[in-house]
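Residue numbering for the sequence shown follows this note's numbering, starting at 529 and increasing by one per position.
Built from N, CA and C at the ideal position, the CB exists for glycine as well.
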Amino acid sequence: MLGAVVLLGGLGGYTFWRSQSAPQVAQPTVTPQLQSVTALGYLEPRGRVIKLSAPASSGSTNRVERLLVKQGDRVRAGQIIAILDGYDRLQAALTEAQEQVKVAQSNLAVVKAGAKQGEVDAQQSEIQRLAAQRQGDVKAQSAIVARLQAELQNAEAEAKRFNLLYQQGAVSASVRDNRALTLSTAQRNLQEAQVVLERIQSTRSPELNAAQATLDRIAEVRPVDVEAAQSQVDRAIAIVQQAKSQLDLASVRAPKGGVVLEVHTRPGELIAPEGIVELGDTEQMTALIEVYETEIEKVKLGQSAKLFSDSFSEPLFGTVSEVGVKVKRQNVINSDTSANIDARVVEVRVQLNSDSMQKVAGLTNLQVTGEIQQ
Numbered sequence: 529m530l531g532a533v534v535l536l537g538g539l540g541g542y543t544f545w546r547s548q549s550a551p552q553v554a555q556p557t558v559t560p561q562l563q564s565v566t567a568l569g570y571l572e573p574r575g576r577v578i579k580l581s582a583p584a585s586s587g588s589t590n591r592v593e594r595l596l597v598k599q600g601d602r603v604r605a606g607q608i609i610a611i612l613d614g615y616d617r618l619q620a621a622l623t624e625a626q627e628q629v630k631v632a633q634s635n636l637a638v639v640k641a642g643a644k645q646g647e648v649d650a651q652q653s654e655i656q657r658l659a660a661q662r663q664g665d666v667k668a669q670s671a672i673v674a675r676l677q678a679e680l681q682n683a684e685a686e687a688k689r690f691n692l693l694y695q696q697g698a699v700s701a702s703v704r705d706n707r708a709l710t711l712s713t714a715q716r717n718l719q720e721a722q723v724v725l726e727r728i729q730s731t732r733s734p735e736l737n738a739a740q741a742t743l744d745r746i747a748e749v750r751p752v753d754v755e756a757a758q759s760q761v762d763r764a765i766a767i768v769q770q771a772k773s774q775l776d777l778a779s780v781r782a783p784k785g786g787v788v789l790e791v792h793t794r795p796g797e798l799i800a801p802e803g804i805v806e807l808g809d810t811e812q813m814t815a816l817i818e819v820y821e822t823e824i825e826k827v828k829l830g831q832s833a834k835l836f837s838d839s840f841s842e843p844l845f846g847t848v849s850e851v852g853v854k855v856k857r858q859n860v861i862n863s864d865t866s867a868n869i870d871a872r873v874v875e876v877r878v879q880l881n882s883d884s885m886q887k888v889a890g891l892t893n894l895q896v897t898g899e900i901q902q
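Right, dumping it as structure tokens:
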């Protein structure tokens with residue numbers, strides 16, 4: 529019995545000695561894998577915050593005359609936000625230009641229509657009067673010719689009769705010659721009257737010719753006159769378009785729908801360097817996260833992200849929708865003064881889901897901490 533105890537003791541001692549003297553194999557160290565990328569950022573509307581200012585070539589004094597919105601107002605695309613100094617003057621110039629178009633169009637209509645109908649009718653009446661006068665002259669001269677023809681016939685008969693009496697010795701030669709002279713005079717008078725009648729019948733009076741020419745002139749619509757009048761219309765329309773462009777530059781319109789986040793310039797003030805108002809679509813909120821350049825390779829499109837802030841108790845959720853391609857200096861800094869505020873970062877945009885967007889619709893520029901899941 530004692531021998532067995534000694535034997536067991538010896539084996540136990542040997543086993544302990546082997547365990548102490550045998551070399552130990554080192555176990556491999558497992559390095560924990562980083563499961564997320566954490567970075568600071570801030571909330572902003574989709575499409576970023578827009579700072580509205582006056583057009584560069586507005587031609588005004590860059591002073592706000594009327595501000596038509598206030599902070600918190602929702603505006604639609606194209607809505608007028610502010611009226612600049614000089615708007616009323618430009619509006620008056622546009623009104624005057626539009627009136628000039630009407631004047632030019634009226635003048636064109638007059639040219640196309642030719643002379644006034646009253647002028648045409650009056651000239652036609654003058655022509656009819658002159659024509660009637662000519663017909664009267666022809667009729668009167670014809671009567672003279674007829675009368676002279678009758679006188680000629682009577683003179684011929686008398687000349688024959690007195691010539692016969694002279695042959696019979698009933699009258700003297702002087703009486704016969706007197707009747708012959710009367711016949712000659714009658715013939716000459718008839719010839720002259722016939723010449724006058726032919727001239728009246730074959731020619732028009734200068735007065736009638738002039739009257740007809742005047743009618744032709746006032747009734748004619750010359751293409752060159754129409755073209756000149758049309759050019760005046762086109763020029764007036766071009767001036768209207770220019771006046772409209774100048775007027776548009778004297779007002780500031782919203783380029784898209786959104787909410788007025790902040791007003792920088794009040795009526796009567798010169799436009800501030802920050803612009804007149806800030807505008808953003810707060811119904812579509814996103815987060816702009818500044819990821820260190822050393823970790824940007826871990827961020828991919830479509831990755832899930834959580835956003836944390838002291839302003840809300842529960843995290844916000846979204847997905848990576850955009851990864852920047854430019855390294856910038858860090859703008860969002862931590863309250864920890866020991867943090868590296870001169871870090872190099874890449875901007876990553878996170879699109880919030882619908883539930884999260886509703887929670888932060890009015891929290892533009894709120895600082896958040898983003899956690900992007902790998």
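Only counting the same chain, and skipping five residues up and downstream in sequence, which positions put a Cβ closer than 8 Å to that of Ala701?
Tyr694
Using three-state DSSP, classify Ile900 as helix, strand or coil.
strand
Using 10 angstroms around the beta-carbon of Gly890, count the other beta-carbons present and answer buried if the total reaches 16, otherwise exposed.
exposed
Coarse secondary structure for Glu726, derived from DSSP in three states
Looking at Glu726 - three-state DSSP - the assignment turns out to be helix.
Short Cβ contact (8 Å threshold) for Val666 with Ile728
yes
Would you decide whether Leu658 is buried or exposed? Buried here means 16 or more other CB atoms lie within 10 Å of its CB.
buried
Neighbour-count burial assignment, Ser779, 16 or more Cβ in a 10 Å radius
That one is buried.
According to the Cβ coordinates, are Gln628 and Ala782 closer than 8 Å?
no
Should Glu806 be labelled buried (16 or more other beta-carbon atoms within 10 Å of its own) or exposed?
buried
Identified DSSP bridge partners for Ile611
Arg594, Ser779
Which whole-angstrom value describes the C-beta separation of Ala721 and Val673, a residue pair presumed to lie in contact below a C-beta threshold of 8 Å?
5 Å
From the DSSP output, in three-state form, read off Pro801 for me.
Correct three-state label for Pro801: coil.
Give the DSSP-derived three-state secondary structure of Ala889 in the structure shown.
coil
Considering Cα atoms alone, identify which of Lys784, Ser564, Ala641, Leu618 is closest to Val577.
The shortest C-alpha separation from Val577 is found at Lys784.
Consult DSSP for Pro551 and reduce its assignment to one of helix, strand or coil.
In this prediction, Pro551 scores a pLDDT of 49, lower than 50, which makes its location untrustworthy; no coordinate-derived value is stated.
Are the beta-carbon atoms belonging to Val787 and Thr814 less than 8 Å from one another?
no
Under 8 Å between the Cβ atoms of Gln858 and Ile900?
No.
Looking at C-alpha atoms only, which residue of Ile804, Lys854, Leu580 is the closest neighbour of Val873?
Lys854
From this set, Tyr820, Ala625, Gln769, which residue's C-alpha is nearest Ser564's C-alpha?
Tyr820
Ala650 (DSSP reduced to helix, strand or coil):
helix
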